[in-house]
Amino acid sequence: MSARAPKISKYTGVCRSGTKYKAQVDVSRQQFHLGCYHLESDAGWAYDKALGIINDGRKSNFKSEKKYKEARDIEIKERDLAERGIDIDDTTKIQIIIRENLKALAGNISKIQVKRTHSSKYTGVNKNPKETKYEVKVRGNGQVLFLGYYLLESDAAWAWDQKKGKSTRRKIFDSEKEYLEARQQEMKERGIDDADLKIA
-2 MSARAPKISK YTGVCRSGTK YKAQVDVSRQ QFHLGCYHLE SDAGWAYDKA
48 LGIINDGRKS NFKSEKKYKE ARDIEIKERD LAERGIDIDD TTKIQIIIRE
98 NLKALAGNIS KIQVKRTHSS KYTGVNKNPK ETKYEVKVRG NGQVLFLGYY
148 LLESDAAWAW DQKKGKSTRR KIFDSEKEYL EARQQEMKER GIDDADLKIA
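Residues in the sequence shown are numbered consecutively from -2, following our numbering.
Written as structure tokens, this is what we have:
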């Protein structure tokens, strides 16, 4: 007996739509359609690819394309899709479909996004217009606490996390390891080294 697909998806940005899985993403309180797929994992991957355009710090469903393909192979096997005569597109065709949907998404985002020169993708962090640094503020009990300026956006976000402590509010980074990985990536993308940080 073949395994039946669950009604609720285990992937973010994915939901059932008839016999398929629909991928969608929210941007500026608007929902954008990313296509419908036979495989739940394909829909989850479409959402992940959309995050590359949005780039606002959301977590992806898969850590890598390899993990996505592994999940895809397992899903096909567990649901006996080939044996049931359901024609499943190969990954090459899926990537083409996703790319077409992402083009539409990029066009829509460019129309609705407000250009925010001094903003940050992290909660509590803002780019100071008079500085080349990021400032951090924590709000609570009707007060605003200034935590300082940081050259790295990720350092500013980590400072916010540390100040929140055991607060029930969700932190930006789930662990110090995640913060250090984001820090290293930011330094690489911005061409900043340890010497620059010492001067700053």
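Positions of the beta carbon are idealized from the N, C-alpha and C atoms, including for glycine.
Can you tell which of Lys56, Thr88, Gln92, Ile71 has its C-alpha closest to the C-alpha of Leu31? Ranked by Cα distance from Leu31, the options Lys56, Thr88, Gln92, Ile71 are led by Gln92.
Alpha-carbon to alpha-carbon, Lys74 and Asn98: Using only the alpha carbons, I get a separation of about 27 Å.
Residues in the same chain with beta-carbon distance under 6 Å from Ala198, minus the five sequence neighbours each way, listed in chain order, please. The structure shown has nothing for residue 198, since the chain only spans -2 to 197.
Do the segment 56 to 72 and the segment 12 to 31 touch if we need at least three Cβ pairs shorter than 8 Å? Cβ pair count under 8 Å is below three, so no.
Just reading off the beta strand (DSSP E) that Leu142 is part of, what are its end residues? Where Leu142 is concerned, the enclosing beta strand (DSSP E) stretches over 140 to 147.
Enumerate in chain order the residues of its own chain whose CB-to-CB distance from Lys168 is below 7 Å, with the five nearest sequence positions on each side excluded. Residues Asp158, Lys161 of the same chain have their beta carbon placed closer than 7 Å to that of Lys168, with the five preceding and five following residues left out of the count.
Note the first and the last residue of the continuous alpha helix (DSSP H) segment covering Leu36. Per DSSP, Leu36 belongs to no alpha helix (DSSP H) and is neither H nor E.
Spatial distance of Gln182 from His35 (CA atoms): One C-alpha to the other measures close to 34 Å.
What are the boundary residues of the beta strand (DSSP E) that Ser14 is part of? Bounds of the beta strand (DSSP E) holding Ser14 are 11 to 14.
Go to Asp70, then tell me how far its beta strand (DSSP E) extends in each direction, as first and last residue. That residue, Asp70, is in no beta strand (DSSP E); its alpha helix (DSSP H) goes 62 to 75.
Below 8 Å on the Cβ atoms is my contact criterion, and I expect Cys33 with Lys19 to pass it. Report the Cβ-Cβ distance as a whole number of Å. Indeed they touch by this definition, with Cβ atoms about 5 Å apart.
With which residues is Arg136 paired in a DSSP beta bridge? Residue pairing by DSSP places Arg136 opposite Val141 in a beta bridge.
What does DSSP give as the partner residue(s) for Asp23 in the beta ladder? According to DSSP, which records beta bridges pairwise, Asp23 is partnered with Gln28.
Contact set for Lys118: own chain, Cβ-Cβ below 6 Å, skip 5 residues either direction: Cβ-Cβ distances below 6 Å link Lys118 to Asp53, Gly54 in the same chain, with the five nearest sequence neighbours on each side left out; the list follows chain order.
Endpoints, the alpha helix (DSSP H) within which Lys56 is located: It is not in any alpha helix (DSSP H) - Lys56 carries neither H nor E in the DSSP assignment.
On the DSSP letters alone, give me the boundaries of the beta strand (DSSP E) that Lys124 sits inside. Here the beta strand (DSSP E) through Lys124 covers 122 to 124.
Using CA coordinates, which residue listed in Ile95, Trp155, Lys63, Leu142 is at the minimum distance from Lys174? For Lys174, the nearest C-alpha among the options comes from Trp155.
Are the beta-carbon atoms belonging to Tyr44 and Gly10 less than 7 Å from one another? Yes. Within cutoff.
Does Tyr131 come out as helix, strand or coil in the three-state DSSP assignment? If DSSP states are grouped into helix, strand and coil, Tyr131 belongs with the strands.
Is the beta carbon of Lys130 sitting closer than 7 Å to the one on Leu148? In this structure, Leu148 lies closer than 7 Å to Lys130 by Cβ.
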